[in-house]
Amino acid sequence: LGAGKSQDVISLLEKRSFSEEPSFESQRLWSLFQAHRSLERHPQALVYFLQLNRLLPREEFVRLCSSEPSLVGYLRDVWLYWSWIDSDQQEQKNLAQSMPELLSVALEVWPESIFWKTVEKSKVQNGPEVSIPVIAFDQAETRSLILQALGAWSMKRWDVASSLVQEIQSLE
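So for the sequence shown, our numbering puts the first residue at 1; every next one is plus one.
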């Protein structure tokens with residue numbers, strides 16, 4: 001995967017299954033998740049991520065997810081992406097099937113995440129069909145950082161915007 005060979009990894013591993021050997025199968029699923037993720041094939045990536053969730057013992061899965069700091073951000077971005085794409089698209093329908101399980105997993109792995117707590121609260125208040133989490137930022141500091149990040153991004157100051165986004169994420 002590190003050499004940019006995600007498609008080769010997918011071609012090789014999707015043809016195999018190691019169901020008789022769980023440790024090999026978990027590695028296969030994780031690699032397929034990472035390969036699809038790198039190619040921005042979100043529905044396929046989520047399929048393998050959630051299959052891995054069902055295969056691994058809970059503690060091991062939580063440890064694996066926690067060991068990758070960018071994972072919570074990726075899954076949040078996929079949720080937001082799913083929330084905003086056209087509901088008539090097949091990709092949206094494919095992602096929609098995975099969202100309830102993703103929410104459950106995210107709440108278990110990252111129980112302190114403001115984003116996932118807000119999604120859950122929104123779902124409880126508005127019913128299971130709610131797809132777009134409404135996030136209210138109570139802190140003036142968070143609001144200010146978001147505005148600064150958007151301003152930096154609009155001026156093509158990617159390094160500054162990225163730094164501000166990291167600062168926002170650290171507030172969570």
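We put the beta carbon where it would ideally sit given N, CA and C, even for glycine.
- Relative to the Cα of W79, the nearest Cα in the group F49, L95 and F61 belongs to L95.
- For R58, the uninterrupted alpha helix (DSSP H) run begins and ends at R58 to S66, by DSSP.
- In the DSSP assignment, E25 falls within the alpha helix (DSSP H) that extends over P22 to S38.
- If you draw a straight line from the Cα of S83 to the Cα of A161, it is about 23 Å long.
- Cβ-Cβ distances below 7 Å link V165 to A149 in the same chain, with the five nearest sequence neighbours on each side left out; the list follows chain order.
- Under a 10 Å Cβ-count criterion, R16 is classified as exposed, with fewer than 16 other Cβ atoms of the shown protein chains found around its own Cβ.
- When the five nearest sequence neighbours on each side are left out, the beta carbons in the same chain lying within less than 8 Å of the beta carbon of S98 are those of P43, L46, V47 and L50, in order along the chain.
- Beta-carbon to beta-carbon, L13 and S31 are separated by about 6 Å, close enough to satisfy the 8 Å threshold.
- The beta carbon of I10 lies closer than 6 Å to those of A35 in the same chain, with the five residues before and after it left out.
- For R54, the enclosing alpha helix (DSSP H) begins and ends at H42 to L55.
- Looking at the backbone, the Cα of R41 and that of A152 are separated by about 28 Å.
- Annotation: the continuous alpha helix (DSSP H) that includes S11 extends over S6 to L13.
- Taking C-beta atoms as the reference points, L64 and L55 fail to come closer than 8 Å.
- Rounded to whole angstroms, the separation of the alpha carbons of S163 and R157 is 10 Å.
- The three-state reading of DSSP puts R157 in coil, since its state is none of H, G, I, E or B.
- For V72 against S113, the beta-carbon gap comes to about 6 Å, under 8 Å, which counts as contact.
- Comparing C-alpha distances from S38 to each of E21, L75, N53 and S67 shows the shortest one belongs to L75.
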